[in-house]
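To start, the structure under review is shown below, and the notes come after it.
Residue numbers (this note's numbering): -1 to 513.
Shown next, in the form of structure tokens:
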């Protein structure tokens, strides 16, 4: 038997009074979080949920998330986390595609009425039998959604003890939906073994002996696998404390770091940019005194951002690499070894990496080539997509769609996503290289480079730029800056200044919208 919920149960046994979850003024110890998860498990079983049934949750970083996540796992169910920005038709698609039998959804707010969207979608999916409203008001037993049942009313009378359902290591624990490069979103099936070993393997990121007390600022969305593994499952494995932030804001994040003595922060590059741009009066020395670990993933981290974070907070940002299909961590710069700037590091324990060409043949030497991954982290396959699984998995190797180079020490360096590569006049141009150059300009705060259609060259290179606050720079100045530092076919011919860039809920820049 193996069940991922053992992470929470072990903390309840060994650190029962320690805070597991902090949200605002709410502090919940391991005993209480485990007890509520037991009540959720009992509720699901009482509503007819059986081992292997899917339970969907649409919720930002609130205490509800670990309650439902681990409660569903205890009941032997499969958790289907949903992005909180999905529309009603998109939610309905995910429920139908996964075959979800129950849906837990946060009410939301008048500005972001998540509950209304979820309730509408629920009404369109006959096979989804149970809807539970996660109310904005703590402890509310009356739902703001007519006809819906609240979380607290549903738990009333459920016992705080529950015997976890027997599950096997290879049973699916979570289905994470990812859009991939083409088509409708596909559900990556991650097993209990995938997720448990990835949490344990990710623990080496933090270069600390077990037994201490780490405080994780959990702002990476928990509906995304990066947040689930590195900021929730790994925190519980270490018997740490999760300080939840429902939506990233640089000033609020620094306030929480200062107030709670945060030791570990993980984010995507745009979050680091947000921390550097925070305007409030923060005690940076106090923050730096406790912050021992900073991790970046989800997208390539510009070297200039790494430098600025080191100067401001006195901590090196360790860059890693992973995907939804790999639970997610594949590699990182282990703090116990010499890190290489710009590298995604070396494979974690139990994981192999190599470079392949378009026919899945090995690429020797430096490359470049497409990264392929094999090991305990690789998903079982996409849910009910056998034809796609045959295309992306061969002999246990999963092809990622990411292009990389490899140095003589075995360190990997992302060149770019294959789908983001620009072909200008027959030459391959990788946007990340251009973005690094633009970010070195003192007036540039953030940059994103894409290819746009062109009559004669096929594609032309365009840069979208956010200026540093108070800085002045023209389009031609940035073009000239790039021209001096890049080959003639690489530098951007078009520069557009913006106040903000479109981003996903996880903070990744949406290049498809820019294109």
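All C-beta atoms, glycine included, are put in the ideal place defined by N, C-alpha and C.
Beta-bridge partners assigned by DSSP to residue 406: none are found. Beta bridge pairing from DSSP links residue 327 with 320. Under DSSP, residue 452 forms a beta bridge with 456.
For residue 21, DSSP records a beta bridge to 24. Looking from the CA of residue 380, the closest CA among 481, 185, 27 belongs to 185.
Rounded to the nearest angstrom, the gap between the Cα atoms of residue 359 and residue 384 is 22 Å.
Counting only unbroken stretches of 4 or more residues, the alpha helix (DSSP H) elements lying wholly within the region 132 to 186 are 149 to 153, in sequence order. In this structure, residue 70 sits near residue 53, with a CB-CB distance shorter than 7 Å.
Just so you know, the alpha carbons of residue 267 and residue 499 end up roughly 13 Å apart. For a cut-off of 8 Å, the C-beta gap from residue 160 to residue 36 is around 4 Å, short enough to register as a contact. Cβ neighbours of residue 21 within its own chain (closer than 7 Å, five residues either side excluded): 60, 61, 242. Residue 454 is classed as exposed because its beta carbon has fewer than 16 other beta carbons within 10 Å across all chains shown. Under the 10 Å beta carbon count, residue 396 is surrounded by 16 or more other beta carbons and is classified as buried.
Here the region 476 to 492 lies against the region 432 to 444, with 3 or more beta-carbon pairs under 8 Å apart. Between residue 147 and residue 131, the beta carbon gap of about 6 Å places them in contact (Cβ cut-off 8 Å). Cα atoms of residue 219 and residue 451: separation of roughly 34 Å, rounded to the nearest angstrom.
Residue burial is scored here from C-beta neighbours: residue 393 has fewer than 16 other C-beta atoms within 10 angstroms and is therefore classed as exposed.
Its chain contains 353, 403, 404 as the residues whose beta carbon lies nearer than 6 Å to that of residue 365, once the 5 sequence neighbours on both sides are disregarded; these appear in chain order.
For residue 274, the closest of 494, 309, 326, 41 by C-alpha to C-alpha distance is 309. For residue 501, there is no enclosing beta strand (DSSP E), as DSSP marks it with neither H nor E. If you check the CB distance, residue 375 and residue 191 do not come in under 7 Å. Taking one beta carbon from each stretch, the region 223 to 238 and the region 460 to 468 have fewer than 3 pairs nearer than 8 Å; the two do not touch.
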